[in-house]
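Structure record follows, encoded as structure tokens.
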Amino acid sequence: MTNFETAKKYRDYMVYVRRYMHENPEPSGQEYETVKFIMSELDKMGIKYTEVENGGVLAEIEGKKPGKTVLLRADCDALPVLEKENLNCTRAVWSKIEGLMHACGHDAHTACLLGAAKILLEKQEEIEGKVILCFERGEEMAGSVKYIFAYMEKNNIHVDSCFGMHTNLPLETGKVAVNDTNALAGAFGFDITIEGQGGHGSRPDQAENPINCFLAIANRLEALRLEKISPFMPATYSIGKLSSGTQGNIIPQTLNFAGTMRYYDDEAVDIFRREFRRLVEKTCEAYHCKPTFNNFAAPGFATVNDVECSVFARGAFAAELGAENICQIEPQMGSESYSQYLKQWPGCFAFLGVHNPAKGTGAANHNERFDVDEDALPVGAACYATYALEFLKTDFVTTHNPKYKYSECLKMLGKEDDLKLLY
Numbered sequence: 109m110t111n112f113e114t115a116k117k118y119r120d121y122m123v124y125v126r127r128y129m130h131e132n133p134e135p136s137g138q139e140y141e142t143v144k145f146i147m148s149e150l151d152k153m154g155i156k157y158t159e160v161e162n163g164g165v166l167a168e169i170e171g172k173k174p175g176k177t178v179l180l181r182a183d184c185d186a187l188p189v190l191e192k193e194n195l196n197c198t199r200a201v202w203s204k205i206e207g208l209m210h211a212c213g214h215d216a217h218t219a220c221l222l223g224a225a226k227i228l229l230e231k232q233e234e235i236e237g238k239v240i241l242c243f244e245r246g247e248e249m250a251g252s253v254k255y256i257f258a259y260m261e262k263n264n265i266h267v268d269s270c271f272g273m274h275t276n277l278p279l280e281t282g283k284v285a286v287n288d289t290n291a292l293a294g295a296f297g298f299d300i301t302i303e304g305q306g307g308h309g310s311r312p313d314q315a316e317n318p319i320n321c322f323l324a325i326a327n328r329l330e331a332l333r334l335e336k337i338s339p340f341m342p343a344t345y346s347i348g349k350l351s352s353g354t355q356g357n358i359i360p361q362t363l364n365f366a367g368t369m370r371y372y373d374d375e376a377v378d379i380f381r382r383e384f385r386r387l388v389e390k391t392c393e394a395y396h397c398k399p400t401f402n403n404f405a406a407p408g409f410a411t412v413n414d415v416e417c418s419v420f421a422r423g424a425f426a427a428e429l430g431a432e433n434i435c436q437i438e439p440q441m442g443s444e445s446y447s448q449y450l451k452q453w454p455g456c457f458a459f460l461g462v463h464n465p466a467k468g469t470g471a472a473n474h475n476e477r478f479d480v481d482e483d484a485l486p487v488g489a490a491c492y493a494t495y496a497l498e499f500l501k502t503d504f505v506t507t508h509n510p511k512y513k514y515s516e517c518l519k520m521l522g523k524e525d526d527l528k529l530l531y
């Protein structure tokens, strides 16, 4: 029996897991009941695990023969989004907590990985080595995975390859995409407060309006991308938060704005950060205002697949699901903490199609109308299990990309404070 056929036997189980999590979402860093639920399911399967404080759960399935180690990863946190009906149908399941929902498919990811665990147990005789199941907390904030990595490094847990998945729109249900290299962009976040001099709206000459200063910055940002960054370097930026003032006739004292930049090229983000900071400082000086950089975070990594692992995965998935269902798609500009896995270990990140207009699944990730076609769950579980089983039974070893210890990654990210905290 193929892994996909085996996965279909566990469809109802994965639907149960996904619906339980969807009804009971928890935000990043507060996945307490979610983690208990995951551990209870592992207990039922007889799989040994470790709860990594603040980080999540690491479980192990040992094969009957010695060999390599593969890590399979899923995330489990939800988002502060008020759920609404999907695009044209009635949802199969609703969040029970108003203002909080699984709007990015993490409930499906966890369901797929627990389903894959059942497949791997059924085929444990075929496992040559070890499979680590990683259930990561706090992916949306990208701050929890450091505890998992620190635990693994401290305990000398070796990984030969890693694999992860994410639901994707508009990829159709039944299809899986594995790009050769670029999968998801890196992210740089900023949060800046501009302090001026408040006053009465009738006498702007007696005030220094931070709104005017911000408008000058925002207008100049439009040109910064074109003038300073090569058109051959994919890069976007957006401002998603802006707050200032209380009444129309009062010039406010302060203004706060925040946003992100996404990129694949390290040079692009270096240029943008340097020029952006200079722009803010010089414009504030010109408008007699003072900037405070509440957050001007070091850039995160882009999620870049190991090309040899990607080719290997596509071949293995094609044998399971049919070559017509395996593809590559254009790189996405969203970001993922999984990028840090790929800096340490050879592997790849796949996209799981969940787009089915007949079921109303077509809204983008992080959207209030986002929904998952549950027919995709056996496909995802089969991919998780197949990558592990096929990698472990072959002598495949990638020749690409130097890999780093997590402590080295922290230095690359400019997060030496985490080194002190974790090590």
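Just so we're aligned, residue 109 is where the sequence shown starts under this note's numbering, counting upward by one. For every residue, glycine included, the Cβ atom is placed at its ideal position computed from N, Cα and C. A quick note: this is a predicted structure, and the numbers were derived from the prediction, not measured.
Do residue j and residue i come within 7 Å of each other at the CB atom, strictly closer than that value?
i	j	result
A489	C220	yes
P454	D414	yes
M153	L460	no
Y255	N162	yes
P360	G367	no
E476	L292	no
D183	H210	no
I379	I337	yes
C321	Y449	no
C279	H463	Note that residue 279 is Leu in the sequence shown here, rather than Cys. Yes, Cβ-Cβ distance for L279 and H463 is below 7 Å.
T177	V253	no
D299	N196	no
P135	A186	yes
A376	A343	yes
Looking only at its chain, what residues have a beta carbon closer than 8 Å to the beta carbon of residue i, apart from the 5 residues adjacent to it on each side?
i	result
S418	V286, N287, D288, T289, C456
K349	D299, N364, F365, A366, G367
P465	L195, N196
Using only alpha-carbon positions, find the residue among the options that is nearest to residue i.
i	options	result
G304	S310, Q314, G297	Q314
E234	K172, S346, D483	K172
G306	Y371, G294, I319, F298	I319
A200	R127, L150, P174	R127
D481	M341, N276, S351	N276
A472	L497, A421, G442, T494	G442
E247	E139, M520, E335	E139
E149	G137, E113, P133, Y121	Y121
Can you give me the Cβ contacts of residue i inside the same chain, cut-off strictly under 7 Å, excluding the 5 residues immediately before and after it?
i	result
T110	E428
L229	M153, I169
T218	V125, M129, I146, A182, C184, F243
N317	G304, I359
Y514	F257, A258, E261, Q452
Excluding sequence positions up to five away, which residues of its chain have a Cβ less than 6 Å from the Cβ of residue i?
i	result
A250	S445
Y345	M369
G175	E236, G237, L500
K226	Y118
K283	N433, G461
L521	A406
I believe residue i touches residue j by the beta-carbon criterion, under 8 Å. Please report the beta-carbon distance rounded to the nearest angstrom.
i	j	result
G223	L485	6 Å
N357	H396	Going by Cβ atoms, the distance from N357 to H396 rounds to 21 Å, so no, they are not a contact pair.
Buried or exposed: residue i, going by 16 or more other Cβ atoms within 10 Å of its Cβ?
i	result
L166	buried
P399	buried
G408	buried
N194	buried
R382	exposed
V505	exposed
T507	exposed
A410	buried
Please tell me whether residue i has its Cβ less than 7 Å away from any Cβ of chain B.
i	result
G297	The question asks about chain B, but that chain is absent: this structure has only one protein chain.
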